[in-house]
Structures are given as C-alpha cells and as structure tokens.
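Please read the structure below before turning to the comments.
In the numbering used here, the protein residues as written are 250 to 406.
Here's what the structure looks like:
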C-alpha cells in the first residue's frame, strides 16, 4: 500500500495544485478512453463495465476539478494529447485484431497502469494537504482494483 505523505507549507500547496491538475488530466483521459472502449467492443458485459468505469472516472474528475476550483485555480478539463494518441492506437489495434475485445482490454490495462503510476507518484510526493489525501487514497484503491481485474481478463484470454 502506498503511504500518503501530507505537508502544509505554501510551496507544497502550489505543488499540490499542479499535482491535482495532473490527476484531473489523467482522469479526463481515462473517462474518454473508457467511453471509446465501450463503443469499440461488441461484448455487452464489457460495454456496461466500460460505461460504468467512465461514469466513475467522470465523477472523480469532477471532484478533483472542484478541489482545484476551491483552491482558486481554474481546472483544465481538456485531457492530454498523449491520451488522444493512445485512443487512436486502441482504434487501430481493434481494427487490426478483427475486433478482438482482448486487445481493447490490454490497452485499458496499460492506461490503468499509467493512471496508477500518476496517483502513486502524487501520493508519495508529499505535495498533498490533509483535505485531499483521502480522495487520492480512494482513487489509488479503485485503480489498483481495476488493474487486478483487467490482469485476470488478459490472463484468461
């Protein structure tokens, strides 16, 4: 389990806002990726799962945006160019694999691992206030659970 380091000095608060923006960007990317994944797969169970994850990611992105706004920052909800390339790659892999759902699941797993790295990095950085640490801890738990579930799906494929 990741230890969440909390600090309250003014420099840390500025660094925390940057860290929260990075998390927001990753959650927007994740939400958009799962929406696309839901449209890509033909398995109804996976479609529902991807829609559910996209909805949860949207709620968490909203909470992070609210934290930034409460701290006097203007949240950027546009996502990253990197994720746009990743979504393009998912579409290409899907077409090249003759619409095999396992390739989409593999790409979702890659995305989850990237989100996990970001969350763990922020949690361990010491750039969080006590008010924000619980949200990050919950996010880490949720993402790590998704990783384990996707790893099982990939192993079974």
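For every residue, glycine included, the Cβ atom is placed at its ideal position computed from N, Cα and C. Please read these numbers as outputs of a predicted model, since none were measured by experiment.
Here residue 365 has 389, 392, 393, 396 as same chain residues with Cβ atoms under 8 Å from its own Cβ, once five neighbours each way along the sequence are excluded. In its chain, beyond the 5 residues on either side, 275 have a beta carbon closer than 8 Å to the beta carbon of residue 363.
Residue 278 is not a Cβ neighbour of residue 319, given a cutoff of 7 Å. Just so you know, the alpha carbons of residue 358 and residue 321 end up roughly 34 Å apart.
Straight-line measurement puts the Cα of residue 317 at about 7 Å from the Cα of residue 323. Bounds of the alpha helix (DSSP H) holding residue 368 are 350 to 374. For residue 298, the enclosing alpha helix (DSSP H) starts and ends at 293 to 319. For residue 305, same chain residues with a beta-carbon under 8 Å away, outside a window of 5 residues either side, are 391 in chain order.
For residue 383, the enclosing alpha helix (DSSP H) begins and ends at 382 to 405. Leaving aside the five residues that flank residue 301 on each side, none in its chain has a CB nearer than 7 Å to its CB.
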